[in-house]
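Have a look at the structure below before the remarks.
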Amino acid sequence: MGCKNCCSICLQCLFGYETNVMLVINNKGVGALFRLIQFLIIAYVRAYQDTDSVISSVSTKVKGNILTNTSIEGVHVWDVPEYVIPPQGEKSFFVLTNVIPTPGQTQSKCPEIPSLVTKCESDSDCIEGQTEVHGNGVQTGHCVQYSDTIKTCEVQAWCPLENDTIIPKPALLGAAEHFTVLIKNNIQYPKFNFRKRNLLHHINSTYLKNCTFDRKTDPHCPIFRLGHMVTEAGEDFSVMALKGGIIGIFIDWNCDLDFPERFCIPKYSFSRLDNKNPENNVAPGYNFRFAKYYKNNKSIETRTLIKAFGIRFDVIVFGMAGKFNIVPTIVNLGAALACLSLVTAICDWVMLTCMKDHDQYVREEHDQIINQFGTSVTRLANHPN
Amino acid sequence: MGCKNCCSICLQCLFGYETNVMLVINNKGVGALFRLIQFLIIAYVRAYQDTDSVISSVSTKVKGNILTNTSIEGVHVWDVPEYVIPPQGEKSFFVLTNVIPTPGQTQSKCPEIPSLVTKCESDSDCIEGQTEVHGNGVQTGHCVQYSDTIKTCEVQAWCPLENDTIIPKPALLGAAEHFTVLIKNNIQYPKFNFRKRNLLHHINSTYLKNCTFDRKTDPHCPIFRLGHMVTEAGEDFSVMALKGGIIGIFIDWNCDLDFPERFCIPKYSFSRLDNKNPENNVAPGYNFRFAKYYKNNKSIETRTLIKAFGIRFDVIVFGMAGKFNIVPTIVNLGAALACLSLVTAICDWVMLTCMKDHDQYVREEHDQIINQFGTSVTRLANHPN
Amino acid sequence: MGCKNCCSICLQCLFGYETNVMLVINNKGVGALFRLIQFLIIAYVRAYQDTDSVISSVSTKVKGNILTNTSIEGVHVWDVPEYVIPPQGEKSFFVLTNVIPTPGQTQSKCPEIPSLVTKCESDSDCIEGQTEVHGNGVQTGHCVQYSDTIKTCEVQAWCPLENDTIIPKPALLGAAEHFTVLIKNNIQYPKFNFRKRNLLHHINSTYLKNCTFDRKTDPHCPIFRLGHMVTEAGEDFSVMALKGGIIGIFIDWNCDLDFPERFCIPKYSFSRLDNKNPENNVAPGYNFRFAKYYKNNKSIETRTLIKAFGIRFDVIVFGMAGKFNIVPTIVNLGAALACLSLVTAICDWVMLTCMKDHDQYVREEHDQIINQFGTSVTRLANHPN
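Residue numbers (this note's numbering), protein chains in the order written: chain A, 1 to 385; chain L, 386 to 770; chain H, 771 to 1155.
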């Protein structure tokens, strides 16, 4: 009997369920407020999606040739293997726009470029083995003639030293603004097993041979004129070409994968990433030095040092995909429900403090004590046991 | 006294708490439905973890040698510094599989490669200074003999021009499929102060010297045969070697850090990232041009241009780690609780609409109006004041 | 009339709202517990922000010169274009610290470096066309003298072969620890349209010319001494310089954008990313081989092979920004509310099980059955219909 009793309690515990006793109140003003707040909450809480970050692969290919005619190099045609560094076509590529070449450098000794710290009167001003942070070599301890009037400390270095005080103006390869770059971008959202590329389905080979990107007429053409990108970033190519800089090519793949796949298309935008503001401008622009090494006739290692100014283009792919998933839906739904209960409290407060006919409210409330599904609690209360 | 009254109101406000008046209903069908839905909700809402994205560092090292015998270069052994570009062993590395070399180029003038736009009859067909998008140099304005029968516009360029119409078949370095690459990958989840590498603890030096990755026998060996990866990506190495392509090496570090650290192991997968579909195939495969620069006997700058076809391997590390955290737990718990209240509503609706003995339900409901903890409201209601 | 009735039902449905019937219980102990748990929940659930991941662009510039004096190369000054690979100043840059040069290599035949597998007695021990995984070329099938006492298989390769058994000690370019690197980092949080760089507003040009990063005195100076970074990572530069390694330069941009922009500043940290633990140490440290190509006097392609040991610095930018947003606020608020309802249940349980005066509680409960806003349910129950 004890067990039977115990079992019945267990069953009651397991299969009984609780429901709240509720009041339904009829007041049009408060009721309207109640529905309005409910609507606002449900309208805001829509973030019912599971999300995933984009995984991306980029390859780039620049096209274009430039002819230059300088006193040092003479007539020279620059092609892609010469002005795109590195040549592999990765997602970050550098296009040469201005150069300061220093041909014929060998390991030897020569006077430093004159500056406040390198000028000297006698050997005692130079310290053997000393390396200046902004110097070009290691001092030998001698003070030698740099020109007829100036003496500087001698350095062991790749001589003759580069003199980069005068930057060619206009930029030697300023015509690079007419170059084009084809950007191939494959993305995937692994969580949703979704893959796509920026060469969209409707783009055919004929179109691609002739198109260049234009926000209005060709928004899906993956071939970009360098000058156009720089202009869209709000910069002047001819100015930027002088000292170089960094341009970001942003590809935004934010997609709602509950919609058909064809609505998931890349959006391109461009902006300058380095600082052109001259306030605290250390090393403005973008440049680096590289060298081509030779053996000269006497088998001595010789190099042509090139100070390369140019524009680095960084292709930056970003995006989040969202797709319906039961878990975040429950989380958001639950949160919304909980908020809705707050609405009841707000409405009660409005009712009790703002309404003039407070007494009538209490009286009406009594008359309609019904539970959630219309069963009158008052009827229950008066029911004979 | 006013203060005392005020204080007691405050205390009542602070230490009083509210509890709902509830009905417990005993109906096995509805009760079972109620418990079932509750169980489903709790089973789904388990995303109680705080998450962090992986931070990763990769280095790679390719090994292997190939002997080729061509008419232009003769017998040549290719080693890593020659066919891996760039040589540094970064997370994206390119392995040469096919080459079109053009030795002995110098800055000079020569006839363009014949095409629809470069063929000409007389000088008037060529415009001085013109650069064709797909051309190799800058036109001089002259129309010259390309061969006995064909005349093309002369260009200032690196001459002789490359003729890439015939791609070596089979691929010159097709044997690259036997090369191996060691991938060293260190990851961390900074939020959880968790670090790990893909050289797992139980892997010793002897094993690593001889193993190669195999999904079944050696799933944790970080040394991969190039051919094996391409096969796993569903491609044929000898076909892909002809024109090149991009293979993604995915390392998935998704981990549940509530489990012991040894369960957090990388999962490798491979897939082709570029498009081999020839529909809208601009620049199919993957190739780029680079040059080796020399000074010839007369100290004139000469270069060997190399059109390099090959496979770029992109190591793509991704993953999210989850770990118990009180905040998302509360968020999810709260949401689940709110959802549970919805269950009550569903059960009430089932009860009132579907049950045949509706009247009896109302009667029973009355008999058991008890609050959440068993105190009978009816008893309360009949209690003399 | 039917319609009027119908309409009134609709209106009642639309503008009626439900409110729970509630008990307020006065018990200081349980009340205090109730308020305490409520407070704890609200204190924990503060993650009311929308978040975005950082998008970053990095450029780096190394400065410094080193003089070395070796038997092979003589006196040689190393400058940035020689020891920084690649030279472009990307976010991952390699600084040479030790080299094994092998000058004058040409395509020819020579004996392999002696090892267990390459030593031989006669031609029959060598297989023509065979490539050893750790070998340097392709075997010709001949067994030749390596030294007076040792015979090894002959290989077709870039000869003479590199002998990397002896690593220069101390490291040839160990003085690289005094080099400095300027790191320029621009970040953005696209969702919040927020941009910033690591050259903070208050840093001027004069300061930047002289500062180097120091966690205490110059925490915002973006110029780092290589040796300082390695020390902060817990390593010894002179040891690490021997065989190389990878150092991570972490820039943490975690920001709360509800605070003013000036509080969003980068935090730098450094740690070694590769493994120095010698347990299962395949290819310890970090090295790679590259070559400089020449044509010798007889126009034969010659190269200087360089086995480069050094430190790769990976700049890793990470961070999340948070900003107030109504959606996550509602989600968290809702969840907190739902949790608060759990508190009621806990307090009820405490009340009913732990309190001594259980009977009195039930009696008191009856006396104070009031709804949430003070309307007594008992009064309602006794009200004449």
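In this text, a Cβ means the ideal position worked out from N, Cα and C, and glycines have one as well.
Practice problem: Have a look at residue 497 of chain L and residue 854 of chain H and give me their C-alpha separation to the nearest angstrom. | Solution: Their Cα atoms are separated by approximately 38 Å.
Quiz item: Within the 9 Å Cβ cut-off, does residue 841 of chain H reach chain A?
Solution: No, residue 841 of chain H lies away from the interface with chain A (no Cβ there is under 9 Å from its Cβ).
Self-check item: Touching by the beta-carbon criterion (3+ pairs, under 8 Å), the stretch 228-242 of chain A and the stretch 686-698 of chain L
Solution: Because the criterion of three Cβ pairs below 8 Å is not met, the stretch 228-242 of chain A and the stretch 686-698 of chain L do not touch.
Quiz prompt | Collapsed DSSP secondary structure at residue 561 of chain L in the structure displayed | solution = Looking at residue 561 of chain L - three-state DSSP - the assignment turns out to be helix.
Self-check item: Closer than 9 Å at the beta carbon, the chain A residues around residue 492 of chain L
Solution: What residue 492 of chain L touches in chain A: 73, 74, 75, 76, 77.
Exercise. Check the Cβ-Cβ distances between residue 937 of chain H and every residue of chain A, and say whether any is below 9 Å.
Key: Not an interface residue.
Exercise. From the DSSP output, in three-state form, read off residue 960 of chain H for me.
Key: If DSSP states are grouped into helix, strand and coil, residue 960 of chain H belongs with the helices.
Quiz prompt | Cβ shell of residue 533 of chain L (< 6 Å), same chain only, five flanking positions each side left out | solution = Answer for residue 533 of chain L: no residue qualifies.
Self-check item: residue 1082 of chain H vs residue 1015 of chain H beta-carbon contact at 9 Å
Solution: Yes; because the gap between Cβ atoms is below 9 Å, this pair is in contact.
Quiz item: Does any residue of chain A bring its CB to less than 9 Å from the CB of residue 580 of chain L?
Solution: Residue 580 of chain L is outside the set of residues whose beta carbon lies under 9 Å from a beta carbon in chain A.
Quiz prompt | Residues of its chain near residue 362 of chain A, where Cβ-Cβ distance is below 7 Å and the 5 sequence neighbours each way are ignored | solution = The predicted position of residue 362 of chain A is uncertain, since its pLDDT is 49 and thus under 50; a value taken from the coordinates is nonetheless stated next. The same chain holds no residue with a CB closer than 7 Å to that of residue 362 of chain A once the five nearest residues on each side in sequence are set aside.
Exercise. Verify whether the separation of the beta carbon atoms of residue 920 of chain H and residue 911 of chain H is less than 9 Å.
Key: No, these two residues do not count as a Cβ contact at 9 Å.
Exercise. Name the two residues that bound the continuous beta strand (DSSP E) containing residue 542 of chain L.
Key: Run containing residue 542 of chain L: 536-544, per the beta strand (DSSP E) assignment.
Quiz item: Checking contacts by CB at 9 Å: is residue 434 of chain L closer than that to chain H?
Solution: No, residue 434 of chain L lies away from the interface with chain H (no Cβ there is under 9 Å from its Cβ).
Quiz item: Does the Cβ of residue 166 of chain A have 16 or more other Cβ atoms within 10 Å, making it buried, or fewer, making it exposed?
Solution: With fewer than 16 other Cβ atoms within 10 Å, it is exposed.
Quiz item: Terminal residues of the continuous beta strand (DSSP E) containing residue 680 of chain L?
Solution: Per DSSP, the unbroken beta strand (DSSP E) holding residue 680 of chain L starts and ends at 672-680.
Exercise. Indicate whether residue 1094 of chain H and residue 820 of chain H have their beta-carbon atoms separated by less than 9 Å.
Key: Yes, they are a contact pair.
Quiz item: What are the boundary residues of the alpha helix (DSSP H) that residue 911 of chain H is part of?
Solution: Membership of residue 911 of chain H in any alpha helix (DSSP H) is not indicated; the residue belongs instead to the beta strand (DSSP E) covering 908-915.
Quiz item: Which residues of chain A have a Cβ atom closer than 7 Å to the Cβ of residue 837 of chain H, listed in chain order?
Solution: Chain A residues near residue 837 of chain H: 138, 156.
Exercise. Step through the CB atoms of chain A and report whether any lies within less than 9 Å of the CB of residue 931 of chain H.
Key: For residue 931 of chain H, not one C-beta of chain A is nearer than 9 Å to its own C-beta.
Quiz item: Going by other Cβ atoms of all chains shown within 10 Å of its Cβ, with 16 needed for buried, is residue 186 of chain A buried or exposed?
Solution: Burial of residue 186 of chain A is indicated by the presence of at least 16 other C-beta atoms within 10 angstroms of its C-beta.
Exercise. Identify the contact partners of residue 59 of chain A in chain L, using a Cβ-Cβ distance below 8 Å as the criterion.
Key: Residues of chain L passing the Cβ test: 631, 659, 671, 697.
Quiz prompt | Inter-stretch contact at 8 Å, needing at least 3 Cβ pairs: the stretch 189-202 of chain A / the stretch 161-175 of chain A | solution = By the Cβ criterion, the stretch 189-202 of chain A is not in contact with the stretch 161-175 of chain A, since fewer than three pairs of Cβ atoms, one from each stretch, lie closer than 8 Å.
Exercise. Closer than 7 Å, Cβ to Cβ, to anything on chain H: give me those residues from the stretch 507-535 of chain L, in chain order.
Key: Those residues of the stretch 507-535 of chain L that come within reach of chain H (Cβ to Cβ, closer than 7 Å) do not exist; the list is empty.
Quiz prompt | Range of the contiguous beta strand (DSSP E) that encloses residue 459 of chain L | solution = From DSSP, the beta strand (DSSP E) with residue 459 of chain L extends over 459-463.
Quiz prompt | residue 765 of chain L in three-state terms, based on DSSP | solution = Note that residue 765 of chain L has pLDDT 35, beneath the 50 cutoff, so the model's placement of it is unreliable and the number below is only indicative. Helix.
Quiz item: Under a CB-based cut-off of 9 Å, is residue 97 of chain A close to chain L?
Solution: No, its Cβ sits nowhere closer than 9 Å to a Cβ of chain L.
Quiz item: Hey, out of A:82, A:236, A:68, A:135, whose CA is closest to residue 115 of chain A's CA?
Solution: Shortest Cα-Cα distance from residue 115 of chain A to any of A:82, A:236, A:68, A:135 involves A:135.
Exercise. Give a yes or no on whether the minimum CB-CB distance between residue 747 of chain L and chain H is below 9 Å.
Key: Low confidence applies here, because residue 747 of chain L scores a pLDDT of 49, under 50, leaving its location unreliable; read the following figure in that light. It does not; no Cβ of chain H falls within 9 Å.
Quiz item: Per DSSP, residue 697 of chain L forms a beta bridge with which residues?
Solution: According to DSSP, residue 697 of chain L bridges with L:479, L:631.
Practice problem: Could you pull the start and end residues of the beta strand (DSSP E) that residue 454 of chain L belongs to? | Solution: From DSSP, the beta strand (DSSP E) with residue 454 of chain L extends over 451-455.
Practice problem: Determine the closest residue to residue 581 of chain L out of L:452, L:704, L:455, with distance taken between C-alpha atoms. | Solution: Of the listed residues, the one whose Cα sits closest to residue 581 of chain L is L:704.
Exercise. Give a yes or no on whether the C-beta atoms belonging to residue 835 of chain H and residue 157 of chain A are separated by under 9 Å.
Key: A distance below 9 Å separates the beta carbons of residue 835 of chain H and residue 157 of chain A.
Self-check item: Alpha carbon of residue 466 of chain L to alpha carbon of residue 1033 of chain H, nearest angstrom
Solution: Residue 1033 of chain H has its alpha-carbon roughly 47 Å from the corresponding atom of residue 466 of chain L.
Quiz item: Which residues mark the beginning and the end of the alpha helix (DSSP H) in which residue 381 of chain L is found?
Solution: Outside the displayed range of chain L (386 to 770) lies residue 381 of chain L, so it cannot be described from this structure.
Quiz prompt | Beta carbon proximity, residue 856 of chain H to chain A, threshold 9 Å | solution = Closer than 9 Å: yes.
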